[in-house]
Amino acid sequence: MLVIFGASGDLTARKLVPALYSLYVEGQLPEHFVVLGTSRSDMTDADFRNQVVIESDYLKEKLKNSDEAKTKKFAEMFFYQDLGESYDVDYSPLRKRVGQLNDEKRTQGNIMYYLSTPPRLYETIAKNLAEAGLSTQNNGWKRLIVEKPFGYSLETAKALNQGLQEHFKESQIYRIDHYLGKETVQNLLVTRFSNSIFEPLWNRNYIKHIEITNAESVGVEKRGGYYDKSGALRDMFQNHLLQIVSLIVMEPPIGDKAEEIRDEKVKALKSLRVMRDEKILHDHTIRAQYMASNIQGKKVKGYREEEGVDPESTTETYAAIKFYVDNWRWKDIPFYVRTAKRMPTKVTEVVIHFKTPHHQIFKDSGIHNKDNKLIIRIQPDEGILIKFGVKVPGQGFKVERANLDFYYSSLMETHVMEAYERLLLDAMQGDATLYARADEVEAAWEFVDPILDYWQHGKDVRMYGYPSGTWGPKNSDDLIEGEGYWRNPGE
Ligand code: BG6
Numbered sequence: 001m002l003v004i005f006g007a008s009g010d011l012t013a014r015k016l017v018p019a020l021y022s023l024y025v026e027g028q029l030p031e032h033f034v035v036l037g038t039s040r041s042d043m044t045d046a047d048f049r050n051q052v053v054i055e056s057d058y059l060k061e062k063l064k065n066s067d068e069a070k071t072k073k074f075a076e077m078f079f080y081q082d083l084g085e086s087y088d089v090d091y092s093p094l095r096k097r098v099g100q101l102n103d104e105k106r107t108q109g110n111i112m113y114y115l116s117t118p119p120r121l122y123e124t125i126a127k128n129l130a131e132a133g134l135s136t137q138n139n140g141w142k143r144l145i146v147e148k149p150f151g152y153s154l155e156t157a158k159a160l161n162q163g164l165q166e167h168f169k170e171s172q173i174y175r176i177d178h179y180l181g182k183e184t185v186q187n188l189l190v191t192r193f194s195n196s197i198f199e200p201l202w203n204r205n206y207i208k209h210i211e212i213t214n215a216e217s218v219g220v221e222k223r224g225g226y227y228d229k230s231g232a233l234r235d236m237f238q239n240h241l242l243q244i245v246s247l248i249v250m251e252p253p254i255g256d257k258a259e260e261i262r263d264e265k266v267k268a269l270k271s272l273r274v275m276r277d278e279k280i281l282h283d284h285t286i287r288a289q290y291m292a293s294n295i296q297g298k299k300v301k302g303y304r305e306e307e308g309v310d311p312e313s314t315t316e317t318y319a320a321i322k323f324y325v326d327n328w329r330w331k332d333i334p335f336y337v338r339t340a341k342r343m344p345t346k347v348t349e350v351v352i353h354f355k356t357p358h359h360q361i362f363k364d365s366g367i368h369n370k371d372n373k374l375i376i377r378i379q380p381d382e383g384i385l386i387k388f389g390v391k392v393p394g395q396g397f398k399v400e401r402a403n404l405d406f407y408y409s410s411l412m413e414t415h416v417m418e419a420y421e422r423l424l425l426d427a428m429q430g431d432a433t434l435y436a437r438a439d440e441v442e443a444a445w446e447f448v449d450p451i452l453d454y455w456q457h458g459k460d461v462r463m464y465g466y467p468s469g470t471w472g473p474k475n476s477d478d479l480i481e482g483e484g485y486w487r488n489p490g491e
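Heads up: the sequence shown begins at 1 in UniProt numbering, then just goes up one per residue.
Written out as structure tokens, the structure reads:
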């Protein structure tokens, strides 16, 4: 059984239900499966089914050619129980309903609680579940899935971990990071550890620097209120991007079990060099906000004019960070990571820049041809691109850059699961590999906290602006100048 807290919210209809529908169609849901929505709203089972299934635009989008009977049958799995005026109430009525459904639908006491509420409620819900006897595992497993943001700082993340662990064991807690559910993010491990053409090169001896770009063309949309308290560093970098970094940086795990992989990721995150010196923080971090602009004839608001955003806000919508990793493999190799809203396009990619051969034989090869690149396209056009030198036909040894390009879409017969599909399925099967462990989240905050602190209290901290629809402030070029320039995908 899946019990969703905050079930009347957007995430349920937008992400969870479409993911469940795909799993249902593919026959991946357990035979006896029930979704029980709960929140403060007063709704009947029928209202809930209508809202998240029958009349949901998100699902309609997905169901272009589906048959009605199937959707109706799917909707019958959904039930609703309201909590009352707050989340901090006695959960006995919920327990009663869970018990009834469990008996009727024979779900064997296995329950996954999905917290899709504001994070300040996580601990309250965990406590009330435990007090109602809904966390004990003597009759079926109980798991707790929590959405991001997981904490607001190192201190709050630690407090939240402790709070949850008072009521649920760590092995019952699944901290979701939807980037880990993306096929291409998981493929980072396979690219590295199943290919002897890459694995031996994956270190400071052959790699010059690493660049990660996460760009979105949208602005903050309707989430100004949330975003203004968060910013790019908390919203994207602390979680999604540092997860990607950890997969690039980590040492080979002993095997593919959850704890084996997570142990190595934690070690990787702990080896990021924490920036404490103001001069380094000043030189290696850049923040900016998008400004009003005209994109293809359409007027676009600046960040400070967005609904829910303070007109004098100092929250960043762009963050670029240069950092180092203090371990044997990566010593002195710079990492450049940037993330932003309102850029020219939506794209996430990792670029591994290799060192040039130590002795240049082909003198007229031209500077651009020297740097081999491995480009891992996380999204869109998921795939891998290798840039390497080839001889230009004709006299002499002129070298040009050629591409070896792989697209996931060429694997036609494979259904590429959406992140939420994969993550829900894993949690149901008790596989926590793609979920973040408490110490992982804390290690990521440990690195991010001093940057946030510097941006808030440091001397001479700048907030740059960039016109919406561009690749960020001019000054971000200075950050990467020593290596050349940022690779702006699609340019
Ligand atoms: C979310 C952030 O976690 O990830 C959003 O809160 C962001 O601000 C989103 O838009 C991006 O996810 P994706 O999968 O579209 O890259």
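Where is the CB? At the ideal position from N, CA and C, for every residue including glycine.
Nothing here was measured: the structure is a model prediction, and the numbers come from that model.
Between which two residues does the alpha helix (DSSP H) harbouring Asn161 extend? 154-165
Residue span of the alpha helix (DSSP H) that contains Glu413, given as start and end: In the DSSP assignment, Glu413 falls outside any alpha helix (DSSP H) and carries neither an H nor an E.
How long is the line joining the alpha carbons of Ser153 and Leu452, rounded to whole angstroms? Each residue's Cα considered, the two are about 9 Å apart.
Length of the line joining the Cα atoms of Gly225 and Gly9: 15 Å
Note down the Cα distance separating Asn327 from Gln296, rounded to an integer number of angstroms. 46 Å
Just verifying my parser: in three-state terms, what is the DSSP assignment at Ala132? coil
Pull up the DSSP beta-bridge partners for residue 496, would you. This structure cannot speak to residue 496, because the chain is shown only from 1 to 491.
Does the beta-carbon of Glu35 have 16 or more other beta-carbons within 10 angstroms, so that it is buried, or is it exposed? Reading off the sequence shown, one finds Val at residue 35, where the question assumed Glu. Classification for Val35: buried.
Whole runs of the alpha helix (DSSP H) within the segment 259-347, excluding any shorter than 4 residues: Counting only runs of 4 or more, we get 278-284.
Go through its chain and collect everything with a Cβ distance to Gln108's Cβ below 8 Å, but skip five positions before and after it. His32, Asn102, Gly140
Beta-bridge pairing of Ala402 - partner residues as DSSP gives them: Phe388
In its own chain, which residues sit with a C-beta less than 8 Å from the C-beta of Arg106, not counting the 5 before and 5 after it? His32
With burial defined as no fewer than 16 other Cβ atoms inside 10 Å of the residue's Cβ, what is the status of Tyr179: buried or exposed? Looking at its Cβ environment, which holds 16 or more other Cβ atoms inside 10 Å, Tyr179 is buried.
Is Asp235 near the ligand BG6, in the sense that its beta carbon is under 7 Å from a heavy atom of that ligand? yes
Extent of the continuous alpha helix (DSSP H) to which Leu209 belongs: For the sequence presented, residue 209 should be read as His rather than Leu. Looking at the DSSP string, His209 is not in any alpha helix (DSSP H); the run it does join, the beta strand (DSSP E), is 207-215.
Would Met89 pass as a contact of Ala75 if the rule is Cβ separation under 8 Å? It is worth fixing the name first, because residue 89 is Val in this sequence and not Met. No, Cβ-Cβ distance for Val89 and Ala75 is not below 8 Å.
How big is the Cα-Cα spacing for Ile361 and Gly389? When only Cα atoms are considered, Ile361 and Gly389 end up about 13 Å apart.
Is Ala7 helix, strand or coil by DSSP? coil
Contacting residues, own chain, Cβ-Cβ under 6 Å from Tyr58 (five flanking each side not counted): Correct list, in chain order: Ala13, Arg14, Pro18.
What's the call for Ile244, buried or exposed, on a 16-neighbour Cβ count within 10 Å? Around the beta carbon of Ile244, 16 or more other beta carbons sit within 10 angstroms, so the residue counts as buried.
N-terminal and C-terminal residue of the beta strand (DSSP E) that Glu467 is part of: Note on identity: in this sequence residue 467 is Pro, with Glu being the wrong assignment. Run containing Pro467: 464-467, per the beta strand (DSSP E) assignment.
Looking only at its chain, what residues have a beta carbon closer than 6 Å to the beta carbon of Tyr227, apart from the 5 residues adjacent to it on each side? Val220
Please report the distance separating the alpha-carbon of Thr136 from that of Leu129. 9 Å
Measuring CB atoms only, is the segment 206-220 touching the segment 330-348, in the sense that at least three cross pairs come out at less than 8 Å? yes
The ligand BG6 and Trp105: does the residue's C-beta get closer than 7 Å to at least one heavy atom of that ligand? At residue 105 the sequence reads Lys, which differs from the Trp that was named. No; taking the cut-off as 7 Å, the Cβ of Lys105 has no heavy atom of the ligand BG6 nearer than that.
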